[in-house]
Every structure is written in C-alpha cells, then in structure tokens.
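Sequential numbering of the sequence shown, starting at 1030, is according to our numbering. Glycine included, every Cβ here is placed at the ideal spot set by N, Cα and C.
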Amino acid sequence: MPDLSPNSLVAAAANLTRLRAWVTDLYPLCLEYEEAVFKALGSTKENGNWTNFVANVFIDIAIGLASGAAIASGNPEVMPAIACLSAFLHDWGIGKDKPNTLDETFAVFEFGHQRMQTVIEQRLSSLVDPQSNYANLIAAWVKNIDFNGGTYTIGDLATKNFPGLGDAYNKLQTAALSSFKKSLWNLVVMKTCTYYENYHDYITIPKNEWITKYAQEIFYTRNKGNYLRARYVNTDANTNTFELIYWNLGIGGYAFPEVASNILFIDDTPGHIINPNGLFNRDYVFKQFSMQKYDFSKGHEIEDALGPDHDDYNFTGGMFPNLVKK
C-alpha cells in the first residue's frame, strides 16, 4: 500500500499542478504549429477534398506527445505524472466527424484540440483539489498505472518531482513539441492525402556518372515534393539508360507544395541530407504515411536502380499503426 499520508498527497498534487502548468504552456505552441501545417498544405496548387479525417485520433497524438516527451527527456522524475495524464487520455474521446474540405477539417481538428485541452486542464485541476484529503486524487488512482513499460502508483507520484520552470522543463517541452510535429504530419498526410504515379520518363547519362547525381542536382531541385525511384533499362559503350518513376502524395494526388516539403524532408535521395531541420527521411513519408501499403515495385531507390525487380519494404503506418487497414 503506498504512503497516503497528508504530506504525500500534498506532494503528489504539487506534481500534477506543475504538470497542468506545463500542458497549459504547451497548448498555444501546438496550436501555432497546427496553423502552420494548415497554411503549408493549403498552398497546394489545387486543393481537393480532405476526406476520412477522424478527429478522435488526436488522442493518439496527445498520448504520443506525452510518451515522447518523457522518453526523450530521460528524466525519471516526470514519469508518474505523465503516466497519470496518459491514463485518463485513453478513456476520453472527441467524436468521429468527417468534414469534407481543408477548412472544415482543420476547424474540427482545432476545436477537438481545444476541447481536449479544456478537459485535461479541468481534470488535473479536479485531481489536485485538496477537499476531503484529496479524495478526487485517491479515487482516480485506485489502481496502478502501466506506462511505457513501467508501473506507477500514487506513491510514486508523491516521491518524484515533475519540473517547474528551468532547463529540465524546457527539455521536456522541446521533446513534446518534436513528437507533436511529427505525429501531426504523419496523421494529416495519412488521413487526407493520396498517391499519384506520374508519367514515366527516361534518361540517358554517361557511364562515368550515376543516376544519383541527376536526382540530387536536377530532379529534386525542380520537384521538391515528389519521390523519385528508377530502374536500369539499357546500356551501350558510353551510356546507361534509366526509367524514372516518381510519385506525388498530397491533397488530391498533387505533389507536396514547396513550403510543406521544406518542413517534411531531411533528404532528397536516401542518406543525402538537404535539410537537417526536416522532420523525416523522404522515403519514410512516402512509404509509411498511408492507410494501406503502396506498391513501389516499378522502381527502386536511386542507389539501387540496378537491383532486382522485387523491392519490398516493411509497412507500419508510421506513428499510427492502429489506423492501418488490415
């Protein structure tokens, strides 16, 4: 039985109070980023309909945000409080509206985020209410909480120290925002964007060059939002010929606009860094941010253009494997 002395309950409530302040500070930063994503994808040449957006998967983002922050911070002091947050997020939903347009989609998304923020803040406020010797907190934490491979009790919450303002607080916030940005893009692309396979083209280059140079210096400078693969088709004494196959994955099957590409992609061809501040490797976005596994077997990664016809990959759905259609 954990120590539920008055001093322990006061310490536990103090941790949740600091957690509430941290969540409240984080919200406007996340909201600003949501607006940036809206503007980035809204710059697509022609906006199609954003269908099948399920608003309640935002809970998955919030849980991932909490988990990612806790893990990346490396601070064991935050784990009981984050576990508490995760536990009641799992038990709450915000509906399953399916708006049809970009504006409606983000309105629903942001209203859902606002509703969720209100619930989190009010729930934490209720838990730290000192009335009847913290009866709300005791009643809410009647069982141990399993979180990220650990098990936590209300006694753990009392003996750890969720950080207030300072370096540890900042590290936790930075980790949470990083997780939020990645999961938001993963979700939005997965639920609203579609593939389009462009017209195949052919290129003949000198034997002393490789297709990678063309991809990096020519193709991706002109086509920042695409995904290029290639297949070796012919050779002669001085040249090699390759078939080029490239894909879009954007709203209505259009390519990602440049502003979105500048945020999303770390590299152009695998391993060739063009934006160290990007969020993902290009092939990861195109292979994983989908409801179903896509067939890229018509071409190969640029470096493997001489490879065999069968070019498989492990499909997970990125940060949302639960949304993948089996």
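What residues in its chain sit with their C-beta under 6 Å from that of residue i, if we drop five residues either side in the sequence?
i, result
"S1037", "A1187"
"G1223", "The question names Gly, yet the displayed sequence has Thr at residue 1223. Cβ neighbours of T1223 beyond the five flanking positions: G1282."
"L1166", "L1156"
"T1233", "T1268 and T1270"
"Y1342", "K1316"
"G1077", "At G1077, the pLDDT of 41 sits below 50, so the modelled position is not reliable; the number obtained from the coordinates is stated separately. Within the same chain, G1077 has close Cβ partners I1280 and G1281."
Tell me the DSSP secondary structure of residue i in three-state form.
i, result
"Y1181", "strand"
"V1262", "strand"
"V1166", "The amino acid at residue 1166 is misidentified as Val; the sequence shows Leu. Looking at L1166 - three-state DSSP - the assignment turns out to be helix."
"L1033", "coil"
"N1044", "helix"
"G1279", "strand"
"I1123", "Low local confidence applies: a pLDDT of 40 at I1123 is under 50, so the model's placement there is unreliable, with the coordinate-based value given in what follows. Coil."
"L1293", "helix"
"P1057", "helix"
"T1221", "helix"
"D1188", "The sequence as given places Thr at residue 1188; Asp does not occur at that position. It is helical."
"T1298", "coil"
"N1237", "coil"
"N1269", "strand"
"F1325", "coil"
"L1194", "coil"
"N1085", "Here N1085 scores only 41 on pLDDT, less than 50, and its place in the model is too uncertain to base an answer on."
"V1066", "helix"
"F1315", "helix"
"E1226", "strand"
"F1209", "helix"
"K1074", "Residue placement at K1074 is poorly supported in this model, since its pLDDT is 49, which falls under 50; the coordinates still yield a value, given next. Three-state DSSP puts K1074 in coil, outside helix and strand."
Whole-angstrom Cβ separation of residue i and residue j, contact assumed at under 8 Å?
i, j, result
"L1273", "Y1231", "7 Å"
"F1271", "V1262", "6 Å"
"M1219", "S1319", "6 Å"
"L1414", "Q1202", "Since the first residue of the chain shown is 1030 and the last is 1355, residue 1414 is not available in this structure."
"V1217", "V1066", "6 Å"
Tell me which residues share the same chain as residue i and place their Cβ nearer than 8 Å to its Cβ, disregarding the 5 neighbours each side in the sequence.
i, result
"N1162", "P1035 and L1038"
"Y1313", "G1347"
"N1252", "Y1275 and A1284"
"Q1001", "Nothing about residue 1001 can be read from this structure; the chain reaches only from 1030 to 1355."
Is the beta carbon of residue i sitting closer than 8 Å to the one on residue j?
i, j, result
"Y1275", "N1255", "yes"
"E1332", "T1268", "no"
"W1051", "Y1181", "no"
"P1159", "A1042", "yes"
"N1277", "Y1225", "yes"
"A1069", "V1288", "yes"
Can you give me the Cβ contacts of residue i inside the same chain, cut-off strictly under 7 Å, excluding the 5 residues immediately before and after it?
i, result
"G1279", "T1073, C1222, G1254 and F1285"
"D1296", "I1302, I1303, N1310 and R1311"
"L1293", "W1214, F1285, G1307, L1308, F1309 and V1314"
"T1053", "E1150"
"Q1245", "D1297, T1298 and H1301"
"S1290", "K1253 and G1254"
When the cut-off is 8 Å and only beta carbons count, does residue i lie next to chain D?
i, result
"L1194", "Judged by its chain identifiers, the structure shown contains no chain D, having just a single protein chain."
Is the number of C-beta pairs between the region 1190 to 1206 and the region 1046 to 1058 that are closer than 8 Å three or more?
-> yes
Do the region 1055 to 1063 and the region 1207 to 1224 meet, that is, are 3 or more Cβ pairs less than 8 Å apart?
-> yes
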